[in-house]
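K.L.:
Protein chains in written order, with our numbering: chain A, -13 to 191; chain B, -13 to 191.
Note that beta-carbon positions come from the ideal geometry of N, C-alpha and C, so glycine has one too.
In this text the structure is predicted, and so the values were computed from the model without any measurement.
I'd like to ask you about the structure that follows.
There are 2 protein chains.
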Amino acid sequence: MRARPKQNYHHGDLRNTLIQTATLLLPQHGVAGLSLRAIAKAAGVSHAAPYRHFRDKTDLLESIAISGYNRLAEACQNAEKRYPNSPQQQLFEAGMGYLSLVMEQPELAHLMFSGMLAEENCGEALSQAGTIAVQSLAQIIENGKRLGMYADRPTEDLTLTALACVHGIAMMILGGLIKRPKTKRQLQTLGERVSNTLLLGLQKR
Amino acid sequence: MRARPKQNYHHGDLRNTLIQTATLLLPQHGVAGLSLRAIAKAAGVSHAAPYRHFRDKTDLLESIAISGYNRLAEACQNAEKRYPNSPQQQLFEAGMGYLSLVMEQPELAHLMFSGMLAEENCGEALSQAGTIAVQSLAQIIENGKRLGMYADRPTEDLTLTALACVHGIAMMILGGLIKRPKTKRQLQTLGERVSNTLLLGLQKR
DNA sequence: GCTTATATGTTGGCGCTGTAAACTTCAATG
DNA sequence: CATTGAAGTTTACAGCGCCAACATATAAGC
């Protein structure tokens, strides 16, 4: 084994290079227009080389999606650390992190959430990463529940509803059902409007 | 013009036949595996015939998506008529109609919401159909607002949040982030849990 | 240290896709 | 009845995912 392979027949770390290259190409080409052959070419290898490291195309895409879910989980955990005494701030911050990811990397979000990787044929690692991300948000709700700030309802229901709200906003932006916020400021106010409405409820108090 | 064309060189109503055939094939093949050529073959015409009636593939898919949005709008309007005196029942019914469509025709929902038709290259008619569907739900919220049952917040915020919630649940089911309800009963209770939480709000009263 | 085996590349090819161009047929119009 | 234009067909092309056959650099065994 050498630190830097002199010959370039064997790449050395093609698997990671492919993931990295694909991640780079994703925003430009879009998830629909991103071909395995283009990724291979950009990585400087032949069009069949990826098959030595990935079962098929979705296998590669899965790796990218997993890193996306990890970022989501991290956003939740960071929010938890940043506002250790305010679960409400935690929740808002986590939700905004979610929305920010979608805004900054819409094609990544598209890849993660469009369901193209959700079929039965897809791997354990992906669904596991998704579950961890969801649980990270659930933890934040749990924090607030323990401090008695939330309604006396099943934690599961609170989590489900909060998650649905933020995910719904994200998907509506992605799908073009509501107009894309242009600035961070607009995204912030959008988040605040939904957050306040969700916290206080639709019904009159 | 004849009621039934004897010769089959000219089809007569190929445009609608293609939409119909594609709608039929969509559930089996899935939106990813549905090819224009397969649609044409199933419709009994050559693979290039569709191009006499549609600019390209997405143009055909758009027509299908539009009918989906129309069904959504109808679900709202039906809910409005069915419970003329209970905007809350209207809202729940509309939301369940939304979820039912997603459950019964997941591939149609996938087509409508995945964002593949949301790019700039897509037609006016689609976004118009989407807007109408959203406004149909907004009308229901408005009904409740007028009767004073909702919180004293901008109607726009209430609509946005409610829509985000139901859309979020739908997309989480589609994307595999939460497990698919197997029965109508399960879907109903899922809807009720989210609906109640949303109405009363996360925060303790 | 040479041979062998294996992992990791390359090349070529298959069947499929969307789409464009050129050609054919049929119905309607003067 | 001749002409025209709309609506089909055929042919063709480039790109796609994926597979099989081949090439090569590294690792292992003697």
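CA-CA distance, CYS81/A and ARG1/A?
P.N.:
In the sequence as presented, Cys is not what sits at residue 81/A; that position holds Gly. Roughly 32 Å between the two C-alpha positions.
K.L.:
Between ARG(-12)/A and chain B, is any beta-carbon pair separated by less than 7 Å?
P.N.:
Bear in mind that a pLDDT of 34 at ARG(-12)/A, under 50, signals an unreliable position, so the model cannot answer this.
K.L.:
Pairs of beta-carbons, one from the segment 109 to 121 of chain A and one from the segment 45 to 56 of chain A, closer than 8 Å: are there three or more?
P.N.:
Between the segment 109 to 121 of chain A and the segment 45 to 56 of chain A there are three or more C-beta pairs closer than 8 Å, enough to call the two in contact.
K.L.:
Whose CA, out of ARG191/B, ALA59/B, ALA8/B, VAL180/B, lies closest to the CA of PRO36/B?
P.N.:
Comparing Cα-Cα distances from PRO36/B to each of ARG191/B, ALA59/B, ALA8/B, VAL180/B, the minimum goes to ALA8/B.
K.L.:
Touch check for the segment 145 to 161 of chain A and the segment 91 to 100 of chain A: three-plus C-beta pairs under 8 Å?
P.N.:
yes
K.L.:
Taking 7 Å as the cut-off, decide whether the C-beta atoms of TYR136/B and LEU188/A are in contact.
P.N.:
yes
K.L.:
Select from ARG41/B, ALA18/B, ILE52/B, ALA34/B the residue whose C-alpha is nearest the C-alpha of GLN6/B.
P.N.:
ILE52/B
K.L.:
Could one say the Cβ of PHE99/A lies closer than 7 Å to chain B's Cβ atoms, at least one of them?
P.N.:
Answer yes: the Cβ-Cβ gap between PHE99/A and chain B drops below 7 Å somewhere.
K.L.:
Among THR117/A, PRO13/A, ILE25/A, VAL17/A, which has the Cα closest to the Cα of LEU4/A?
P.N.:
When the alpha-carbon of LEU4/A is set against those of THR117/A, PRO13/A, ILE25/A, VAL17/A, the nearest one is in ILE25/A.
K.L.:
So GLY134/A contacts chain B; which residues on that side make the cut at Cβ distance below 9 Å?
P.N.:
LYS190
K.L.:
Could you check if PRO70/A is buried or exposed, using at least 16 other CB atoms within 10 Å of its CB as the buried criterion?
P.N.:
Its Cβ having fewer than 16 others within 10 Å, PRO70/A is exposed.
K.L.:
Should THR175/B be flagged as near chain A, meaning a C-beta pair shorter than 7 Å?
P.N.:
no
K.L.:
Assign TYR136/B to one of three DSSP states: helix, strand, or coil.
P.N.:
strand
K.L.:
Using a beta-carbon distance below 7 Å, is HIS153/A in contact with chain B?
P.N.:
yes
K.L.:
Please go through the same chain and pick out, in chain order, the residues whose beta-carbon is closer than 6 Å to the beta-carbon of ALA65/B, but skip the five residues on each side of it.
P.N.:
GLN76, GLU79, ALA80
K.L.:
Can you list, in chain order, the residues of its chain with a C-beta nearer than 6 Å to that of TYR55/A? Leave out the 5 residues immediately preceding and following it.
P.N.:
Within the same chain, Cβ atoms closer than 6 Å to the Cβ of TYR55/A are found at ALA115, GLY116, ALA119, the five residues on either side in sequence being excluded.
K.L.:
Using only CA atoms, which one of ASP(-1)/B, PHE40/B, LEU22/B, ASP42/B lies nearest to HIS33/B?
P.N.:
Residue LEU22/B holds the alpha-carbon nearest to the alpha-carbon of HIS33/B among ASP(-1)/B, PHE40/B, LEU22/B, ASP42/B.
K.L.:
Does any CB atom of chain B fall closer than 7 Å to the CB of SER53/A?
P.N.:
no
K.L.:
How would you list, in chain order, the residues of chain A whose beta-carbon sits under 9 Å from the beta-carbon of ASP42/B?
P.N.:
What ASP42/B touches in chain A: nothing, since even the nearest Cβ is about 13 Å away.
K.L.:
Report, in whole angstroms, the separation of the C-beta atoms of GLY177/B and LEU58/B, which I expect to be a contact under 8 Å.
P.N.:
Actually they do not touch by this definition, with Cβ atoms about 15 Å apart.
K.L.:
Measure the C-alpha to C-alpha separation of GLU60/A and GLY(-2)/B and round it to an integer number of angstroms.
P.N.:
58 Å
K.L.:
Put GLN114/A into one of helix, strand or coil per three-state DSSP.
P.N.:
helix
K.L.:
Below 8 Å on the Cβ atoms is my guess for THR44/B versus LEU103/B; work out the distance and round it to an integer in Å.
P.N.:
6 Å
K.L.:
Tell me which same chain residues have a C-beta within less than 7 Å of the C-beta of GLU93/B, skipping the five on either side of it?
P.N.:
LEU12, PRO13, GLY16, VAL17
K.L.:
Roughly how many angstroms lie between the CA atoms of ALA29/B and CYS108/B, to the nearest whole one?
P.N.:
The alpha-carbon atoms of ALA29/B and CYS108/B are separated by roughly 25 Å.
K.L.:
Please decide whether MET158/A counts as near chain B, where near means a Cβ-Cβ distance under 7 Å.
P.N.:
yes
K.L.:
The alpha helix (DSSP H) spanning SER181/B covers which residue range?
P.N.:
170 to 186
K.L.:
Would you mind sorting GLY134/B into buried or exposed? The rule is 16 or more other CB atoms within 10 Å of its CB.
P.N.:
exposed
K.L.:
Below 7 Å on C-beta distance, what does THR9/A contact in chain B?
P.N.:
What THR9/A touches in chain B: nothing, since even the nearest Cβ is about 19 Å away.
K.L.:
Comparing C-alpha positions only, which one of PRO167/A, ARG68/A, VAL31/A sits nearest to GLU90/A?
P.N.:
Among PRO167/A, ARG68/A, VAL31/A, the Cα nearest to that of GLU90/A is on PRO167/A.
K.L.:
Do the CB positions of ILE127/A and THR145/A come within less than 7 Å of each other?
P.N.:
Taking 7 Å as the cut-off, the Cβ atoms of ILE127/A and THR145/A count as close.
K.L.:
Would you decide whether ASN129/B is buried or exposed? Buried here means 16 or more other CB atoms lie within 10 Å of its CB.
P.N.:
buried
K.L.:
Does the Cβ of ASP42/A have 16 or more other Cβ atoms within 10 Å, making it buried, or fewer, making it exposed?
P.N.:
The residue is exposed, with fewer than 16 neighbouring Cβ atoms inside 10 Å.
K.L.:
Alpha carbon to alpha carbon, how far is LYS170/B from THR183/B?
P.N.:
Distance between the alpha carbons of LYS170/B and THR183/B: 20 Å.
K.L.:
Counting only C-beta atoms, is LEU123/A closer than 7 Å to chain B at any point?
P.N.:
Interface residue (Cβ-Cβ distance to chain B less than 7 Å): LEU123/A is not classified as such.
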